[in-house]
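> If you read the sequences in order, they're chains A and B.
Read left to right, the first sequence gives residues 8 to 267 (our numbering).
Read left to right, the second sequence gives residues 377 to 676 (our numbering).
We treat Cβ as the ideally placed atom computed from N, Cα and C, and that holds for glycine.
Only a predicted model underlies this, so the values are computations on that prediction, with no experimental measurement involved.
I have a structure I would like to understand better, so I am pasting it below and will then ask my questions one at a time.
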Amino acid sequence: MADRKKETAVVVSQEQIATGIFSMWLRTEAATTAKPGQFISMYTNDGTKLLPRPISICEIDKANGQLRVVYRVTGENTGTEQFSKLKAGDTVPVIGPLGNGFPLEKAEGKKAFLMGGGIGVPPILELAKQLDCEKQIVVGYRDEHTFLRDQFEENGAVYISTEDGSVGTKGNVMNAIAENHLTADIIYACGPTPMLRAIKNYAEENGIECYISLEERMACGIGACLACVCKTKEKDHHTNVNNKRICKEGPVFLSTEVEI
Amino acid sequence: MNMSVNIAGVEWKNPVTVASGTFGSGAEFDEFVDLNKLGAVTTKGVANVPWTGNPTPRVAETYGGMMNAIGLQNPGIDLFCKRDIPFLKKYDTKIIVNVCGHAPEEYFAVVERLANEPIDMMEINISCPNVNAGFLAFGQDPKQVEKLTAEIKKLAKQPVIMKLTPNVTDITEIAKAAEAGGADAVSLINTLTGMKIDVNRRTFAVANKTAGVSGPAIHPIAVRMVYQVANAVNIPIIGMGGIASAEDAIEMILAGASAVAVGTANFHNPAVTMEIVDGIESYMKKFGFNSVSEMVGLVK
Numbered sequence: 008m009a010d011r012k013k014e015t016a017v018v019v020s021q022e023q024i025a026t027g028i029f030s031m032w033l034r035t036e037a038a039t040t041a042k043p044g045q046f047i048s049m050y051t052n053d054g055t056k057l058l059p060r061p062i063s064i065c066e067i068d069k070a071n072g073q074l075r076v077v078y079r080v081t082g083e084n085t086g087t088e089q090f091s092k093l094k095a096g097d098t099v100p101v102i103g104p105l106g107n108g109f110p111l112e113k114a115e116g117k118k119a120f121l122m123g124g125g126i127g128v129p130p131i132l133e134l135a136k137q138l139d140c141e142k143q144i145v146v147g148y149r150d151e152h153t154f155l156r157d158q159f160e161e162n163g164a165v166y167i168s169t170e171d172g173s174v175g176t177k178g179n180v181m182n183a184i185a186e187n188h189l190t191a192d193i194i195y196a197c198g199p200t201p202m203l204r205a206i207k208n209y210a211e212e213n214g215i216e217c218y219i220s221l222e223e224r225m226a227c228g229i230g231a232c233l234a235c236v237c238k239t240k241e242k243d244h245h246t247n248v249n250n251k252r253i254c255k256e257g258p259v260f261l262s263t264e265v266e267i
Numbered sequence: 377m378n379m380s381v382n383i384a385g386v387e388w389k390n391p392v393t394v395a396s397g398t399f400g401s402g403a404e405f406d407e408f409v410d411l412n413k414l415g416a417v418t419t420k421g422v423a424n425v426p427w428t429g430n431p432t433p434r435v436a437e438t439y440g441g442m443m444n445a446i447g448l449q450n451p452g453i454d455l456f457c458k459r460d461i462p463f464l465k466k467y468d469t470k471i472i473v474n475v476c477g478h479a480p481e482e483y484f485a486v487v488e489r490l491a492n493e494p495i496d497m498m499e500i501n502i503s504c505p506n507v508n509a510g511f512l513a514f515g516q517d518p519k520q521v522e523k524l525t526a527e528i529k530k531l532a533k534q535p536v537i538m539k540l541t542p543n544v545t546d547i548t549e550i551a552k553a554a555e556a557g558g559a560d561a562v563s564l565i566n567t568l569t570g571m572k573i574d575v576n577r578r579t580f581a582v583a584n585k586t587a588g589v590s591g592p593a594i595h596p597i598a599v600r601m602v603y604q605v606a607n608a609v610n611i612p613i614i615g616m617g618g619i620a621s622a623e624d625a626i627e628m629i630l631a632g633a634s635a636v637a638v639g640t641a642n643f644h645n646p647a648v649t650m651e652i653v654d655g656i657e658s659y660m661k662k663f664g665f666n667s668v669s670e671m672v673g674l675v676k
């Protein structure tokens, strides 16, 4: 079919919103079909860095054909550091949207947890905007830099945890749930693996339907290279082994499907 | 002007295929590439049974390249024959099936299973450096390469390409052994074994510890080895290793490759193979070549 391609996205704006955390709006064709929980592959303009960086979508503005990405700069001389230096009018090659996204329809009539931790917080914003149910947004940060908090508050009841205790519950998102005596009958979550493991266990102990967005180092981003696999309980129909591709069948999985 | 090439009796419409493992079975790139534009599609290595592959992380980026230790995860030959070959048959391109195994009997099982399948060629991976139980030592030993090639040739109904590892002292010895065993063609180079350490986490960047390095950073090594092998054997060479542009592909052809395979560059630009086909055509027009074969090994 060959109807998709790597495109040149244009930076609309960029700002630093916390220590090492940047927010960028891009004008891109990917905006027209993007869904919450999907990601885009962003490429550097540096020929020595060949692989795409998979970056989750934070907000979707279909009307203006724009996507917002909020990402962490992972170190000096990294691709993400190069992205952070782009200014309005600069270009960045992208492919997207990629992956499956969160299943919004599952939340109908339910009380939901929308849980994000660290750099897993950004995709929870578009999810919160689009999900139509009773929303409890539980987000965890390192410190007082509670980025995106104002926008979360426009989209549901917000509960915050910080590792250093400077804002909200001291600890992690699970501590915030316990401290506030929160309950839910569906969970959507994105964050570091230890956090997702805790949420998966909590959901399974309490019989709650739970969707988690996983992360793994990728090469192609389109399901060909088999770099970004996760272990699955059942044999996957595509790979024919107990492995699913995070970039293709994921990044969002029903928690009971995967072993993390 | 004629873009077609003849590799061991199989006519490709142009000299461009993909390096095994970088293109899935072709279906994964179908959204980005018109598969009809490729001379051949080389599929990801397939074994007699499904393989789960290595732990993650399986890849890391390197300067001007990458490294991988996927561990030849594959769905096994039965599902491959049922699903992937019929998919590729819908396109006007040649089908090269890459075959892997832990032991000679595993290769033989796949080769026999493929005998009555509508594929055009098979490529035997004796050089993947990632599978602990595999054949790195095997692909590095000329005697064993000759023996395995001869045994596979007895069973194969399609032309056999032996894919060579660069992780040897003298690749021409291995190429000559494959030729002596009856190989119809050789392909080179597979990845170079490397290692990357994450200094912040103080651990290996790839879970397998060692991983195969590929991409533009290794291209000059691949060109050198293609040149050496072209001067050592009389069977066709499929050249690969860091090809990212038409110029890189032409370099490989001028060094002695009859066809080329594009690998890591597919991850940087999924449409790169089509651009390379067009770029080779433009080059031929510009310099007045009437056929690809006129360019093969032109630089002595």
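#1: Within the 9 Å Cβ cut-off, does B:Asp-410 reach chain A?
#2: What residue range is occupied by the uninterrupted beta strand (DSSP E) comprising B:Ser-590?
#3: Mind listing which residues of the stretch 211 to 234 of chain A have their C-beta closer than 7 Å to chain B's C-betas, in chain order?
#4: Assuming A:Ser-173 is part of the beta strand (DSSP E), what are its boundary residues?
#5: If you follow the alpha helix (DSSP H) that B:Leu-490 is in, where does it begin and where does it stop?
#6: Given 8 Å as the limit, is there contact between the stretch 252 to 261 of chain A and the stretch 151 to 170 of chain A, that is, 3 or more CB pairs closer than that?
#7: Our contact map puts B:Ile-656 next to B:Ile-626 with C-beta atoms below 8 Å; I'd like the distance itself, whole angstroms only.
#8: Using only CA atoms, which one of A:Gly-172, A:Val-265 and A:Thr-176 lies nearest to A:Leu-221?
#9: When the cut-off is 9 Å and only beta carbons count, does A:Leu-58 lie next to chain B?
#10: Let's test the definition: count the other Cβ atoms within 10 Å of the Cβ of A:His-188 and tell me whether it reaches 16, buried, or not, exposed.
#11: Pick from B:Pro-391, B:Gly-421 and B:Thr-438: whose alpha carbon is nearest that of B:Leu-414?
#12: Considering only their Cβ atoms, is the gap separating B:Leu-464 from B:Val-417 smaller than 9 Å?
#13: In three-state terms, what does DSSP make of B:Met-650?
#14: Please state whether DSSP places B:Val-602 in a helix, a strand or coil.
#15: Using a Cβ cut-off of 7 Å, pull out every chain B residue sitting near A:Asn-162, in sequence order please.
#16: Could you spell out where the beta strand (DSSP E) holding A:Arg-75 opens and where it closes?
#17: Output the distance between the C-alpha atoms of A:Val-180 and A:Lys-142, rounded to the nearest integer angstrom.
#18: Please work out which residues of its chain come closer than 8 Å, Cβ to Cβ, to B:Pro-494, disregarding the five sequence neighbours upstream and downstream, and give them in chain order.
#19: Residues in the same chain with beta-carbon distance under 7 Å from B:Phe-511, minus the five sequence neighbours each way, listed in chain order, please.
#20: Measuring only from the beta carbon, is B:Thr-545 closer than 8 Å to any heavy atom that is part of the ligand MG?
#21: Cα separation between B:Ala-556 and B:Val-675?
#22: If you drop the 5 nearest sequence neighbours on each side, which residues of the same chain put their C-beta closer than 8 Å to that of A:Lys-238?
#23: So with Cβ pairs under 9 Å, would you call B:Asn-390 a contact of chain A?
#24: Which term fits B:Glu-437, buried or exposed, when burial requires 16 or more other beta carbons within 10 angstroms of its beta carbon?
#25: With DSSP as the reference, label A:Met-3 as helix, strand or coil.
#26: Taking the Cβ atom as the reference point for each residue, do B:Gly-588 and B:Leu-568 lie within a distance shorter than 9 Å?
#27: Below 8 Å on C-beta distance, what does B:Ile-446 contact in chain A?
#28: Kindly say whether B:Asn-501, judged by its beta-carbon, lies nearer than 9 Å to any beta-carbon of chain A.
#29: Return the Cβ separation of A:Ile-184 and A:Val-146 in integer angstroms, given the expectation that the two are a contact with Cβ distance under 8 Å.
#30: Determine, using beta carbons only, whether A:Leu-233 and B:Gly-429 come nearer to each other than 9 Å.
#31: State yes or no: is the C-beta of A:Val-80 within less than 9 Å of the C-beta of A:Phe-29?
#32: Write down the C-beta distance between B:Ala-395 and B:Gly-639 rounded to the nearest angstrom, noting that I regard them as a contact closer than 8 Å.
#33: Closer than 8 Å between beta carbons: that is the criterion. Which residues of the stretch 426 to 439 of chain B meet it against chain A?
#34: 9 Å is my cut-off, CB to CB: does B:Gly-655 come that close to chain A?
#35: In whole angstroms, what is the alpha-carbon distance linking A:Pro-100 and A:Lys-12?
#36: Here's the rule: buried if 16 or more other CB atoms are within 10 angstroms of the residue's CB, otherwise exposed. What is B:Gly-617?
Taking the geometry as given:
#1: Taking the first residue of the second sequence as position 1, residue 410 of chain B is located at position 34. B:Asp-410 counts as touching chain A.
#2: Counting from one through the second sequence, the residue named residue 590 of chain B turns up at place 214. Per DSSP, B:Ser-590 belongs to the beta strand (DSSP E) from 586 to 590.
#3: Glu-223, Arg-224, Ala-226, Cys-227, Ile-229, Gly-230, Ala-231, Cys-232, Leu-233 and Ala-234
#4: As a working note, residue 173 of chain A is residue 166 in the first sequence. Per DSSP, A:Ser-173 belongs to no beta strand (DSSP E) and is neither H nor E.
#5: Within the second sequence, residue 490 of chain B is the residue found at index 114, counting from 1. Its alpha helix (DSSP H) spans residues 480 to 490.
#6: no
#7: For the purposes of this step, residue 656 of chain B is identified with residue 280 of the second sequence, where counting begins at 1. For the purposes of this step, residue 626 of chain B is identified with residue 250 of the second sequence, where counting begins at 1. B:Ile-656 to B:Ile-626, Cβ: 6 Å. Contact.
#8: Walking along the first sequence from the start, residue 221 of chain A turns up at place 214. Cα-wise, what sits closest to A:Leu-221 is A:Val-265.
#9: Looking up residue 58 of chain A in the first sequence gives position 51. Yes, because at least one Cβ of chain B sits closer than 9 Å to the Cβ of A:Leu-58.
#10: The residue given as residue 188 of chain A occupies position 181 in the first sequence. So A:His-188 ends up on the exposed side.
#11: Here residue 414 of chain B refers to the residue found at position 38 when the second sequence is read from its first residue. Closest by alpha carbon: B:Pro-391.
#12: Numbered from its first residue, the second sequence carries residue 417 of chain B at position 41. Numbered from its first residue, the second sequence carries residue 464 of chain B at position 88. Yes, the Cβ-Cβ distance between B:Val-417 and B:Leu-464 is below 9 Å.
#13: For the purposes of this step, residue 650 of chain B is identified with residue 274 of the second sequence, where counting begins at 1. If DSSP states are grouped into helix, strand and coil, B:Met-650 belongs with the helices.
#14: The residue you call residue 602 of chain B lines up with position 226 of the second sequence. DSSP places B:Val-602 in helix when its eight states are reduced to three.
#15: Here residue 162 of chain A is taken as the residue at index 155 of the first sequence, counted from 1. Neighbours of A:Asn-162 on chain B: none; closest Cβ ~33 Å, over 7 Å.
#16: The residue labelled residue 75 of chain A in the question sits at position 68 within the first sequence. Segment 73 to 79, the beta strand (DSSP E) holding A:Arg-75.
#17: The count along the first sequence starts at 1 and reaches residue 180 of chain A at position 173. The count along the first sequence starts at 1 and reaches residue 142 of chain A at position 135. Their backbone Cα atoms lie some 15 Å apart in a straight line.
#18: The residue labelled residue 494 of chain B in the question sits at position 118 within the second sequence. Counting only Cβ-Cβ distances below 8 Å, and skipping sequence neighbours, we find Ile-461, Lys-465 and Ile-471.
#19: For this step, residue 511 of chain B is matched to residue 135 along the second sequence. In this predicted model, B:Phe-511 has a pLDDT of only 47, less than 50, meaning its place in the structure is not dependable enough to derive any value.
#20: You won't find the ligand MG in this model; it holds no ligand whatsoever.
#21: Translated into the one-based positions of the second sequence, residue 556 of chain B becomes position 180. Translated into the one-based positions of the second sequence, residue 675 of chain B becomes position 299. Rounded to whole angstroms, B:Ala-556 to B:Val-675 spans 26 Å at the Cα level.
#22: Numbered from 1 along the first sequence, position 231 holds the residue referred to as residue 238 of chain A. Here the set comprises Asn-249, Asn-250, Val-265, Glu-266 and Ile-267.
#23: Taking the second sequence and counting its residues from 1, the one referred to as residue 390 of chain B is at position 14. Taking Cβ atoms only, chain A never reaches closer than 9 Å to B:Asn-390, which makes this a no.
#24: Here residue 437 of chain B corresponds to residue number 61 of the second sequence, with the count starting at 1. Flag for B:Glu-437 reads buried.
#25: Nothing in the structure corresponds to residue 3 of chain A, since chain A is present only between 8 and 267.
#26: Taking the first residue of the second sequence as position 1, residue 588 of chain B is located at position 212. Taking the first residue of the second sequence as position 1, residue 568 of chain B is located at position 192. The answer is yes: Cβ separation under 9 Å.
#27: To locate residue 446 of chain B, count along the second sequence from 1; it is residue 70. Residues of chain A passing the Cβ test: Cys-232, Leu-233 and Ala-234.
#28: Start at 1 with the first residue of the second sequence, and residue 501 of chain B comes out as number 125. Chain A, which has no Cβ nearer than 9 Å to the Cβ of B:Asn-501, makes this no.
#29: The residue you call residue 184 of chain A lines up with position 177 of the first sequence. The residue you call residue 146 of chain A lines up with position 139 of the first sequence. Actually they do not touch by this definition, with Cβ atoms about 12 Å apart.
#30: In the first sequence, counting from the first residue as 1, residue 233 of chain A sits at position 226. In the second sequence, counting from the first residue as 1, residue 429 of chain B sits at position 53. Yes, Cβ-Cβ distance for A:Leu-233 and B:Gly-429 is below 9 Å.
#31: For the purposes of this step, residue 80 of chain A is taken as residue 73 along the first sequence, with counting starting at 1. For the purposes of this step, residue 29 of chain A is taken as residue 22 along the first sequence, with counting starting at 1. Yes, these two residues count as a Cβ contact at 9 Å.
#32: As a position in the second sequence, residue 395 of chain B is number 19, starting the count at 1. As a position in the second sequence, residue 639 of chain B is number 263, starting the count at 1. Contact holds; Cβ gap of about 3 Å.
#33: Pro-426, Trp-427, Thr-428, Gly-429, Thr-432, Pro-433, Arg-434, Val-435, Ala-436, Glu-437 and Tyr-439
#34: The residue given as residue 655 of chain B occupies position 279 in the second sequence. No - not a single Cβ of chain A is within 9 Å of the one on B:Gly-655.
#35: Walking along the first sequence from the start, residue 100 of chain A turns up at place 93. Walking along the first sequence from the start, residue 12 of chain A turns up at place 5. Going from the Cα of A:Pro-100 to the Cα of A:Lys-12 covers about 10 Å.
#36: Position 241 of the second sequence holds residue 617 of chain B. By the 10 Å Cβ count, B:Gly-617 comes out buried.
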